[in-house]
Each structure stands twice: as structure tokens, then as C-alpha cells.
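Numbering-wise (the UniProt record's numbering), the sequence shown opens with residue 1 and increments by one.
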Amino acid sequence: MEKVAAGIVLYNPNDRERLDDCIDSILNQVDKLYIYDNSTEKLDYSFPDRVSYKTKGTNVGIAFALNELMSMADQDGYNWIITMDQDSIMPQGIVQQYLKTIEEEDRKLAIVCPQVIDKRRKYMNLNHTEEKEYVEECITSASCTSIMAWKAIGGFDEWLFIDLVDNEFCKRLIVSGYKILRLNFLVLDQEFGNIEPKSEKIQNFWINLSKVLNNKNIAKFSYKKIVDPMRVYYTSRNIIYVNKKLKLYGKTAYSNYNCNGYFGFIVYFLLPSLLRAQSKLKVVQAIFKGTIDGLNKNVKEWRSN
């Protein structure tokens, strides 16, 4: 019988009410909840029963935290774990639906996930045509991952620390013959990045222009983005690293930026990050340092067993 647990990665949560809602939304659907805390400050919070809490008192990165959640669940005999962010609110019945899907699928199923949309970004569209579909990648938030598959491919790559962790993990699953199934009738509203929507008139202009030119990246000008130099550093570094690591299996993670290669990454991520940055000097420094660190990193080419 398949057993499903849940896990949450924390990082300096400042909205206690939201955290309460996050925990409550999943704890009444699973027997066990694991929490790994990446907070840099001591968390003064009383967790309910059936919650296992672990921390090093510092930020060790999302990949390390995810591996810890998977390991704790594995040690307690669970086969699957639903991973969540601290602001994820899980729909009631999602665990039951995941279990039903897992039991209907074959053993090569590695992840079951919902359809994810950021409702602040009006250009993002839901897929209403298919009830469920196999996809190449998904985010970890609200995804239910097979612990057996996680172990088989060697877990999450902790050197990545934060950005592109999902993409790299999913790529290794797919080339190893595993499947990722997205249930389009389950929808998670997930906020990606720190953005501020512009006026409706300006939003409509950029969204319509993106449709005319058939370029999704243009629609991103419909909102103001708060650019974090640290995230620019990790993205600049990791895009080079993952493509060196997985070069035997084609290009990796460029789909995040609606492009097919590194030149497109420059045009659609690096340049807009610089142009929209509140501190352009810090972003320039982040781009150069990230690029150099990515190029200098010795990477062993990964091969599927």
C-alpha cells in the first residue's frame, strides 16, 4: 500500500497566519508532516503533533532541504511525499486524488503534480483541453514525488542551492525513463517572484503585443519586477552548470525563459534583469560572478543508468 507524507521548506516566515493555514491545509490530509527550516533566525513557533521539525540554523539551500525531507519520510516508511513552500495552501482532497492516480499508474510514475498558475500574471493561461497529461518538468511546490525514484537518480543536486533545482531534477527523471503526470483539474495559485502588476491598460498593451508577435517574453513587461541580485547570480551560474552536467541529453532549463539556448537566455533573462534592476551595479556583478563560477565549475557529465 502506498503511503503519502508531506514536507514543507521554511525560510524566515514572517506571516504566521499564512503559515498556520499552510500547515492546517495539509496536516488534516496526511499522517505525517516534515518541516525543514532554512531560516537564519531562530523560529519561535509551536508546531502541532505529527510534525517533525529539523534545522541547521542557517540557509543550506532548497535542494539540501528537499533531500532532508525525502530522507526523513523514507526512514519512516513512506513511499511518496508532497513538497510545499511555506505559503502553499493545499486544496482539500488533493492527497486522496494523488493516491488514486498513483494506484492507477505504473511504477515508472515519479511525480504527480497540479497545474500551476500565478494569477498576478494575466498572460498565464490554464490548460482546459486535457484532464491530465504527461509533462517534461514541474515545480516541487505541491508536487507528490516518489521516494523510490528520488533515490534511483541520486536525489536533488545540492550544489545548485536554489535556482533550477526543479528543472535539473526533472530532467534526470525523464531521461531515466520515469514519468511526470500533471493533473490539469487541480490548480495551484503560486506566486513566482516579487512583482507588481502595472495598470490594466498597460498590462493589456503588452499582453496583446506578445500575442501579435507570438513571443511570451514580451508579456512580462506587463508588470514591474523587483530584481534580486542573489537570484540573478544563482540563475546565471546554474544555467551553465546544468547544461554542462546534462549535455548528453540536450538543453536544460531554457524553457523557463521561453528560449532554446544560451543566446536566448541572455536576451530574455539577463538583459531584462539588468534593465529592470533597482541596483544595476549589483546585478552586473551578479551576472559576471555567476557566469564565471558556472564556467569554472568542474562538472562530471551525468549518465543515466
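Backbone N, C-alpha and C define an ideal beta-carbon position, used for all residues, glycine too.
Being a predicted model, the structure only gives us computed values, none of them experimental.
Judged by DSSP in its simplified three-state form, residue 291 adopts helix. For residue 232, the closest of 287, 26 and 54 by C-alpha to C-alpha distance is 287. At a Cβ-Cβ threshold of 8 Å, residue 83 and residue 69 count as neighbours. When the Cα atoms are used, residue 226 and residue 282 turn out to be separated by approximately 13 Å. Sorting 256, 258, 30 and 299 by C-alpha distance to the C-alpha of residue 3 places 30 at the top. Look at residue 256 here: in three-state DSSP terms it is helix. Every unbroken stretch of the alpha helix (DSSP H) spanning 4 or more residues and falling wholly within the stretch 59 to 133 is given here in chain order: 62 to 75 and 94 to 104. Under the three-state reduction of DSSP output, residue 48 falls in the coil class, being neither helix nor strand. The beta carbon of residue 67 lies closer than 6 Å to those of 155 and 156 in the same chain, with the five residues before and after it left out. Buried is the label assigned to residue 143, since at least 16 other Cβ atoms lie within 10 Å of its Cβ. Residue 183 places its beta carbon less than 8 Å from that of residue 114.
Inclusion of residue 22 and residue 87 in the CB contact set at 8 Å is warranted, their separation being smaller than that value.
Segment contact: the stretch 88 to 96 against the stretch 41 to 51, fewer than three CB-CB distances shorter than 8 Å; contact not assigned. Counting of Cβ neighbours within 10 angstroms places residue 40 among the exposed residues, the total staying below 16. One alpha carbon belongs to residue 104, the other to residue 14, and they sit about 40 Å apart. Selection 72, 176 and 278 evaluated against residue 246 yields 176 as nearest (Cα-Cα). In this structure, the alpha-carbon of residue 236 lies about 28 Å from that of residue 149.
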